Amino acid sequence: MNALAHLRHLESESIHILREVVAECQRPVLLYSIGKDSSVLLRLAEKAFYPGRIPFPLLHIDTGYKFKEMIEFRDRYTAKLGVKLIVQKNERALEEGANPFAWGTQRCCGALKTTALLDALRGGGFDAAIGGARRDEERSRAKERVFSFRDARGQWDPRNQRPELWNLYNTRVHPGESLRVFPLSNWTEIDVWRYIHAEQIPIVPLYFAKPRWMVVRGDALLPVEHFLSDGSGYLSGERAELVMCRMRSLGCTPCTGAIRSDADTVPGIIQELVAMRRSERQNRVIDHDQDGSMEVKKQEGYF
Amino acid sequence: MENSFEYFLEQENAKDLLRFTTAGSVDDGKSTLIGRLLYDSRNIYEDQLDSVAKASAGRNAGAIDFSLLTDGLRAEREQGITIDVAYRYFTTARRKFIIADTPGHEQYTRNMVTGASTADLAIVLVDARKGLLSQSRRHAYIASLLGLPQIAVAVNKMDLVGYDRSVFAQIETDFRRFISRFPAITTTFIPISALKGDNVVARTGNMPWYHGPSLLEYLEEAQVGNRARQAPFRFPVQRVVRPDQQFRGYSGTVASGSVAPGDAVVLLPSERTTKIGQIITFDGHLNEASAGQSITVTVEDQADVSRGDVIAALDAPPEISNSIEATLVWLSDTPAEVRKRYRLKHTTRQEWAELKQVNYRININSLKHEPGEALDMNAIGVVEIETGRPLVFDPYSHNRMMGSFILIDPVTNGTVAAGLIQGAARRPRSGVNGFDRPTWRFEGGSLLLSGLDESFGDTKPEALDDPEALDALNRLLKRLKVNQ
Numbered sequence: 000m001n002a003l004a005h006l007r008h009l010e011s012e013s014i015h016i017l018r019e020v021v022a023e024c025q026r027p028v029l030l031y032s033i034g035k036d037s038s039v040l041l042r043l044a045e046k047a048f049y050p051g052r053i054p055f056p057l058l059h060i061d062t063g064y065k066f067k068e069m070i071e072f073r074d075r076y077t078a079k080l081g082v083k084l085i086v087q088k089n090e091r092a093l094e095e096g097a098n099p100f101a102w103g104t105q106r107c108c109g110a111l112k113t114t115a116l117l118d119a120l121r122g123g124g125f126d127a128a129i130g131g132a133r134r135d136e137e138r139s140r141a142k143e144r145v146f147s148f149r150d151a152r153g154q155w156d157p158r159n160q161r162p163e164l165w166n167l168y169n170t171r172v173h174p175g176e177s178l179r180v181f182p183l184s185n186w187t188e189i190d191v192w193r194y195i196h197a198e199q200i201p202i203v204p205l206y207f208a209k210p211r212w213m214v215v216r217g218d219a220l221l222p223v224e225h226f227l228s229d230g231s232g233y234l235s236g237e238r239a240e241l242v243m244c245r246m247r248s249l250g251c252t253p254c255t256g257a258i259r260s261d262a263d264t265v266p267g268i269i270q271e272l273v274a275m276r277r278s279e280r281q282n283r284v285i286d287h288d289q290d291g292s293m294e295v296k297k298q299e300g301y302f
Numbered sequence: 000m001e002n003s004f005e006y007f008l009e010q011e012n013a014k015d016l017l018r019f020t021t022a023g024s025v026d027d028g029k030s031t032l033i034g035r036l037l038y039d040s041r042n043i044y045e046d047q048l049d050s051v052a053k054a055s056a057g058r059n060a061g062a063i064d065f066s067l068l069t070d071g072l073r074a075e076r077e078q079g080i081t082i083d084v085a086y087r088y089f090t091t092a093r094r095k096f097i098i099a100d101t102p103g104h105e106q107y108t109r110n111m112v113t114g115a116s117t118a119d120l121a122i123v124l125v126d127a128r129k130g131l132l133s134q135s136r137r138h139a140y141i142a143s144l145l146g147l148p149q150i151a152v153a154v155n156k157m158d159l160v161g162y163d164r165s166v167f168a169q170i171e172t173d174f175r176r177f178i179s180r181f182p183a184i185t186t187t188f189i190p191i192s193a194l195k196g197d198n199v200v201a202r203t204g205n206m207p208w209y210h211g212p213s214l215l216e217y218l219e220e221a222q223v224g225n226r227a228r229q230a231p232f233r234f235p236v237q238r239v240v241r242p243d244q245q246f247r248g249y250s251g252t253v254a255s256g257s258v259a260p261g262d263a264v265v266l267l268p269s270e271r272t273t274k275i276g277q278i279i280t281f282d283g284h285l286n287e288a289s290a291g292q293s294i295t296v297t298v299e300d301q302a303d304v305s306r307g308d309v310i311a312a313l314d315a316p317p318e319i320s321n322s323i324e325a326t327l328v329w330l331s332d333t334p335a336e337v338r339k340r341y342r343l344k345h346t347t348r349q350e351w352a353e354l355k356q357v358n359y360r361i362n363i364n365s366l367k368h369e370p371g372e373a374l375d376m377n378a379i380g381v382v383e384i385e386t387g388r389p390l391v392f393d394p395y396s397h398n399r400m401m402g403s404f405i406l407i408d409p410v411t412n413g414t415v416a417a418g419l420i421q422g423a424a425r426r427p428r429s430g431v432n433g434f435d436r437p438t439w440r441f442e443g444g445s446l447l448l449s450g451l452d453e454s455f456g457d458t459k460p461e462a463l464d465d466p467e468a469l470d471a472l473n474r475l476l477k478r479l480k481v482n483q
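The following block contains the structure:
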């Protein structure tokens, strides 16, 4: 073996990044989204700080529209790891009736995700938030730094980013400013799945195919879990049907489309991905609500 | 089924990683080349292609505009420009690739230096119609400065010169004459058309006179010489791990060389010698670890080691000095200020650093040394820097991780410069008393003293293993530290 195999190379780089955050930042927190990338991040954190414990808390932004299976998995898995979990909800917006059907996805995301996140970071005095975003996910992310600076309002200025050279990360911020740190920057979707397979990392069962209640709308499969009892969510003539499917990425139920699939194991998923000709976030409604929509959300402080 | 999956995983696991950067001038067709590379190697998803096809129609480009695949930000698509370094990922049956895609126009130096800092090789794009321009020379120079062992010169737009062999040959001759100044770089020339796809992924029939590889074949075959693995062992301590009273370990990433339990090492800057105890990972203890691996080690004697210290091979220790000479690439629109104090980040350590003087600037077009105090955005100069505590380093040309640093402005916190250490500063003997302040440093196992007085000169004490001599030296060192 004359070269570090690709996956071990990525693992080692991520461990280096995680250790660097903890060594140089005052109060780091890990943004835990319960998805597969978060599961990988947690495993990397276990490795980075072994034989010590994971030295930062986890923060989950709960929009109230997450799948029930995600919340169950979150509570079970974080308890098993013995890490501290902070759950933040924008209760006021939820009381005001925030939902993607009535408010539209942009306003709903702004209130339930971005505002909740910024409130939690400010409230906890966190100067570094570690996230599982990858550069291959969406085109504005291709220019994201590993240590990405956010101003005192939590905003990203893509035209004024710090140059990032070698493995020398600039972690310096003034009080009130913060960093977003992305240890999985150089991983691709298939790397994440191969790593989950190699390391036997637990993931939410929603990633595995089984018959689920869905509304079929054009090419999209929409989970009905949080469609409202008054019928909002459904277009006229639509009704739920049982479809053999799985989630390729996890978000809020109304905005996360499923894909038709019978892959019910990790090897099955990897084989499906190799054959797949569509990108990972294509079923995420919020990425397509305007041109460059992820770029705009990131500038405003969205993860 | 399971068997074929196992076979697939085996193939995947055998793939190594190549990081490369691309450099080109405006309109050289770099975005088109990368789009073509991704598309022809089947690394573009249908929905990404659909959205680009839609946008291409709006720009009346006729065919699919591959450059749109890589322009990430809305501002870029609107203005048809590329703002910043972008990272892209693709896979072939042989390898995984990470591209650092750097724009060719504004701030080319800053962006290319950033892209090249993590790259194994560079692709320099030349427009066949324009021949060798000063930009191409700059790109080759930066590749050499950042220590890339090889570059590929892709002569693009061959379709627009009738696939003429003599055009290609002339560019190769011109480029080779220039690049011969950098004997450490291996150069490969490939005639291509990114627009038509000639020699990008598949070899073309349009240039039967060319017998070399396509660009992708070249990338798949290129030897990623792991020079860091050959260099002596270096381990900058990232964190001290102390989960309980019994255990004290040091976490970090091996910067170069390899290490095994029992290896004799020196702890720097304290200069204590000890042996490696265990190499610990979440997945169990290791018998050996080498460059690039993130590990935790213990050492045999209880030692006071903290973040920023370096554990190094005893028989080939790095240098130590608080006064270094370095090549600086200025990255900020606020110019460098002599006598200003910056934060310097080197390996896992941050120090105060004063920019003592700019020895000379390098004209990036002529490569001539020019006098000058000022370094503004994109300027390259050789400078002298003094740090609060001594740095433990190797020259950049020997060891990338141990020889690189960044400067941070303490007020704005912006990253303002990239630094490549040449060595400990050798000050001219022009001090007030005819000689300079005494300085000392380690080099190749020897202690070098300079500036004590004329007769002392540069002294190379032979016997560092002689305990008496060592003792005397230690006393001398203490005195020198006091004097400094």
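Chains as they are written, first to last, in numbering that gives the first Met the number 0: chain L, 0 to 302; chain S, 0 to 483.
Note that CB positions come from ideal geometry on N, CA and C, so glycine has one too.
Remember, it's a predicted structure, so these values are computed and weren't measured experimentally.
Whose C-beta lies closer than 7 Å to the C-beta of residue i among residues of the same chain, with five residues either side of it excluded?
| i | result |
| --- | --- |
| V166/S | A127 and V160 |
| T375/S | Rather than Thr, the amino acid found at residue 375/S in this sequence is Asp. Same-chain partners within the cutoff: W329 and P334. |
| S37/L | Y31 and G131 |
| A197/L | L6 |
| F4/S | none |
Count the other CB atoms within 10 Å of the CB of residue i; is the residue buried (16 or more) or exposed (fewer)?
| i | result |
| --- | --- |
| G131/L | buried |
| H284/S | exposed |
| A489/S | This structure cannot settle anything about residue 489/S, because the visible part of chain S is limited to 0 through 483. |
| F158/L | Looking at the sequence provided, one finds Arg at residue 158/L rather than Phe. Burial call: exposed. |
| F516/S | This structure cannot speak to residue 516/S, because chain S is shown only from 0 to 483. |
| S331/S | buried |
| H210/S | exposed |
Rounding to the nearest angstrom, what Cα-Cα distance links residue i and residue j in this structure?
| i | j | result |
| --- | --- | --- |
| L131/S | S269/S | 51 Å |
| F174/S | Y140/S | 12 Å |
| F392/S | I319/S | 6 Å |
| I191/S | V154/S | 6 Å |
| E306/L | K46/L | Only positions 0 to 302 of chain L appear in this structure, which leaves residue 306/L out of reach. |
| L29/L | F181/L | 10 Å |
| L194/S | Y88/S | 20 Å |
| G267/L | A110/L | 37 Å |
| G103/L | F148/L | 29 Å |
| K274/S | T20/S | 39 Å |
| L117/L | T187/L | 27 Å |
| N358/S | E324/S | 9 Å |
| D135/L | E176/L | 26 Å |
| T187/S | D83/S | 27 Å |
| W192/L | I269/L | 6 Å |
| Q421/S | E299/S | 33 Å |
| A97/L | L241/L | 28 Å |
Enumerate in chain order the residues of its own chain whose CB-to-CB distance from residue i is below 6 Å, with the five nearest sequence positions on each side excluded.
| i | result |
| --- | --- |
| L84/L | L57 and T77 |
| A312/S | P231 and F232 |
In terms of DSSP beta bridges, what is residue i paired with?
| i | result |
| --- | --- |
| M213/L | P222/L and E240/L |
| E383/S | E324/S and Q356/S |
| A423/S | I323/S |
| I122/S | T21/S and A151/S |
| Y88/S | I97/S |
| V145/L | The partner list for V145/L (beta bridge, DSSP) is empty, contrary to what the question assumes. |
| Q222/S | Paired residue(s): none; Q222/S is not in a bridge. |
Quick check on the DSSP output: the beta strand (DSSP E) that includes residue i runs from which residue to which?
| i | result |
| --- | --- |
| K95/S | R94 to D100 |
| T500/S | Residue numbering for chain S in the displayed model covers 0 to 483; residue 500/S lies beyond these limits and cannot be assessed. |
| Q87/L | L84 to Q87 |
| Q270/L | No beta strand (DSSP E) contains Q270/L, which is instead part of the alpha helix (DSSP H) from V265 to A274. |
| G248/S | G248 to T252 |
| T187/L | No beta strand (DSSP E) holds T187/L; DSSP gives it neither H nor E. |
Go to residue i, then tell me how far its alpha helix (DSSP H) extends in each direction, as first and last residue.
| i | result |
| --- | --- |
| T77/L | K67 to L80 |
| T108/S | Y107 to S116 |
| K46/L | K35 to F48 |
Go through its chain and collect everything with a Cβ distance to residue i's Cβ below 8 Å, but skip five positions before and after it.
| i | result |
| --- | --- |
| R313/L | A question about residue 313/L goes unanswered here, because the residues of chain L that appear run from 0 up to 302. |
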